[in-house]
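Worksheet for the structure shown next.
Protein chains in written order, with the working numbering: chain A, 26 to 135; chain B, 2 to 354.
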């Protein structure tokens, strides 16, 4: 998949996972892995960028004698999800057009 | 490999980054290891589940540093003249920045809108006054480097060429804090709408702020006037000058709004604070039209006060006094909002609109 596109999808994915509640690194990696391949080196920059963009906040909480970083979505983050969905409505329209055009193409050449 | 060795390798491999960036990245990975072990993996299994330390570090470093802020480049061929100033330009993506810190020394600073998603800083440097701009983490910094050439006089002889001033172009929706300080230059700020905390300071220059919105703004000049228009803050809105006048028009603060000058007058048109509005001068007249706030405090000595407050009068609890001069404000105590207007010598001519 195109790197930029993957980044955009990952960002929206992470934000959506945070909608149902605050989460932490390891939990996020597991949940995203169910949808698309991801590793530490991909997740960390995504979290960092989302924080820089004000779409999530980070806080530390003690867990079993060590500090764990938790991530929480912000209002900006919620708005970003809506933005993403709207953009992909457009993508979907183009996708449908292309798909229709290719099936038509197959049909006319039979 | 055990956890300690892996983390040691990772720590070494991350040394390209600044301390803050390195700590954050390192702790993120360490936390992953700890969480994996907590979920039942042995140390060896947890390490094996991570990417190899040097590869992981390389990927993190390239993502953190990207898109690289262009190293400051010569904006044009060095101008060979008596000053030997070189014009430099640094550009970086706006979404990388959370803070901007400009220390300009002897030049004015002009902050205006860019027409793209970049932040562009144009500045000047020369052997006797080495200015350096760089992006450190999420902060854009401009500062003068201490050189040993202090014994040179600071000649700024103009033999034509570009005006010696710092220009910062920012996108309208840049969300970052801004600090801009200069000694012998003015500061002008026009356009950005989403700045967070703004601090402006100049010793011998004026200050002009227009069409700007931010969370808070705190500005001071010693020997210059202040002009602010169409500017809004969510929190503190504060402007101070020692030897200059203040003119403020069509501005709003979500909390307190403070204007203070020692040796200058204050002219205000249509200014609102959701909490306290405080205007004071030691030696200057106050012309304050269209004040509105939850509490208003106006002070000067040896000068007249005139203007208007958004009424009706019944809203206000008035405390008003002048020693020498007519006072148009009645001693009306039944309102809820405190309105305190005092001068030592001069008429008070204020009405409610």
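Don't be surprised by glycine CBs; every beta carbon is placed ideally from N, CA and C.
First and last residue of the uninterrupted beta strand (DSSP E) at residue i
i, result
"residue 339 of chain B", "338 to 346"
"residue 168 of chain B", "166 to 171"
"residue 80 of chain A", "Neither: residue 80 of chain A is in no beta strand (DSSP E) and is coded neither H nor E."
"residue 89 of chain A", "It is not in any beta strand (DSSP E) - residue 89 of chain A carries neither H nor E in the DSSP assignment."
"residue 1 of chain B", "No information on residue 1 of chain B is available, as it lies outside the stretch 2 to 354 that chain B covers here."
"residue 315 of chain B", "Run containing residue 315 of chain B: none; DSSP gives neither H nor E here."
"residue 143 of chain B", "140 to 146"
"residue 334 of chain B", "That residue, residue 334 of chain B, is in no beta strand (DSSP E); it is neither H nor E in DSSP."
"residue 349 of chain B", "349 to 353"
Chain B within 7 Å of residue i, Cβ atoms only
i, result
"residue 70 of chain A", "yes"
"residue 84 of chain A", "no"
"residue 64 of chain A", "yes"
"residue 51 of chain A", "yes"
Cβ of residue i within 7 Å of any chain A Cβ
i, result
"residue 335 of chain B", "no"
"residue 195 of chain B", "no"
"residue 233 of chain B", "no"
"residue 32 of chain B", "yes"
"residue 88 of chain B", "no"
"residue 36 of chain B", "yes"
"residue 1 of chain B", "Residue coverage of chain B in this structure runs from 2 to 354, which leaves residue 1 of chain B outside it and unanswerable."
"residue 238 of chain B", "no"
"residue 29 of chain B", "yes"
"residue 11 of chain B", "no"
"residue 155 of chain B", "The pLDDT assigned to residue 155 of chain B is 49, lower than 50, so where the model puts this residue is not dependable; a value taken from the coordinates is nonetheless given after this. So, not an interface residue."
"residue 287 of chain B", "no"
"residue 15 of chain B", "no"
"residue 46 of chain B", "no"
"residue 8 of chain B", "no"
"residue 137 of chain B", "no"
"residue 141 of chain B", "no"
"residue 18 of chain B", "no"
"residue 158 of chain B", "Low local confidence applies: a pLDDT of 47 at residue 158 of chain B is under 50, so the model's placement there is unreliable, with the coordinate-based value given in what follows. No, residue 158 of chain B does not count as interfacial toward chain A."
"residue 57 of chain B", "yes"
"residue 52 of chain B", "yes"
"residue 277 of chain B", "no"
"residue 64 of chain B", "yes"
Under 7 Å between C-beta atoms of residue i and residue j
i, j, result
"residue 245 of chain B", "residue 271 of chain B", "no"
"residue 187 of chain B", "residue 109 of chain B", "yes"
"residue 306 of chain B", "residue 330 of chain B", "no"
"residue 304 of chain B", "residue 347 of chain B", "yes"
"residue 183 of chain B", "residue 213 of chain B", "no"
"residue 242 of chain B", "residue 262 of chain B", "yes"
"residue 217 of chain B", "residue 203 of chain B", "no"
"residue 98 of chain B", "residue 169 of chain B", "no"
"residue 36 of chain A", "residue 71 of chain A", "yes"
"residue 100 of chain B", "residue 178 of chain B", "yes"
"residue 106 of chain A", "residue 53 of chain A", "no"
"residue 376 of chain B", "residue 15 of chain B", "Since the first residue of chain B shown is 2 and the last is 354, residue 376 of chain B is not available in this structure."
"residue 302 of chain B", "residue 345 of chain B", "yes"
"residue 52 of chain B", "residue 64 of chain A", "yes"
"residue 51 of chain A", "residue 95 of chain A", "no"
"residue 134 of chain B", "residue 118 of chain B", "no"
Contact test: residue i Cβ vs the ligand ADP heavy atom, cutoff 6 Å
i, result
"residue 90 of chain A", "Judged by which ligands are present, the structure shown has none, so any question about the ligand ADP falls away."
Anticipated Cβ contact below 8 Å, residue i with residue j, distance rounded
i, j, result
"residue 323 of chain B", "residue 349 of chain B", "5 Å"
"residue 138 of chain B", "residue 19 of chain B", "5 Å"
"residue 143 of chain B", "residue 104 of chain B", "6 Å"
"residue 226 of chain B", "residue 265 of chain B", "7 Å"
"residue 338 of chain B", "residue 295 of chain B", "6 Å"
"residue 200 of chain B", "residue 174 of chain B", "The pair is not a contact, with the Cβ atoms about 20 Å apart (cut-off 8 Å)."
"residue 299 of chain B", "residue 341 of chain B", "7 Å"
"residue 209 of chain B", "residue 228 of chain B", "5 Å"
"residue 351 of chain B", "residue 312 of chain B", "Between residue 312 of chain B and residue 351 of chain B the Cβ distance is about 10 Å, and since that is not below 8 Å, they are no contact."
"residue 57 of chain B", "residue 66 of chain A", "5 Å"
"residue 47 of chain B", "residue 85 of chain B", "Going by Cβ atoms, the distance from residue 47 of chain B to residue 85 of chain B rounds to 59 Å, so no, they are not a contact pair."
Unbroken alpha helix (DSSP H) run spanning residue i, endpoints
i, result
"residue 104 of chain A", "100 to 133"
"residue 30 of chain A", "28 to 44"
"residue 59 of chain B", "54 to 65"
"residue 90 of chain B", "It is not in any alpha helix (DSSP H) - residue 90 of chain B instead sits in the beta strand (DSSP E) that spans 87 to 94."
"residue 58 of chain A", "50 to 58"
"residue 15 of chain B", "Premise fails: residue 15 of chain B is in no alpha helix (DSSP H) and is neither H nor E."
Segments of 4+ residues assigned as alpha helix (DSSP H) that fall wholly inside the region 20 to 49 of chain B: If we require 4 residues or more, the alpha helix (DSSP H) runs fully inside the region 20 to 49 of chain B come out as 20 to 39.
Beta strand (DSSP E) runs wholly inside the region 100 to 126 of chain B, at least 3 long, in chain order: Every unbroken stretch of the beta strand (DSSP E) spanning 3 or more residues and falling wholly within the region 100 to 126 of chain B is given here in chain order: 100 to 104, 109 to 114, 119 to 126.
Runs of beta strand (DSSP E) wholly within the region 176 to 249 of chain B (minimum 3 residues, chain order): Within the region 176 to 249 of chain B, the complete beta strand (DSSP E) runs of at least 3 residues fall at 178 to 183, 188 to 191, 196 to 203, 208 to 222, 227 to 234, 238 to 242.
Every unbroken beta strand (DSSP E) inside the region 244 to 310 of chain B [3 residues or more]: Secondary structure within the region 244 to 310 of chain B: the beta strand (DSSP E) runs of 3 or more consecutive residues, fully enclosed, are 247 to 254, 258 to 262, 267 to 274, 277 to 282, 287 to 293, 296 to 301, 306 to 310 (chain order).
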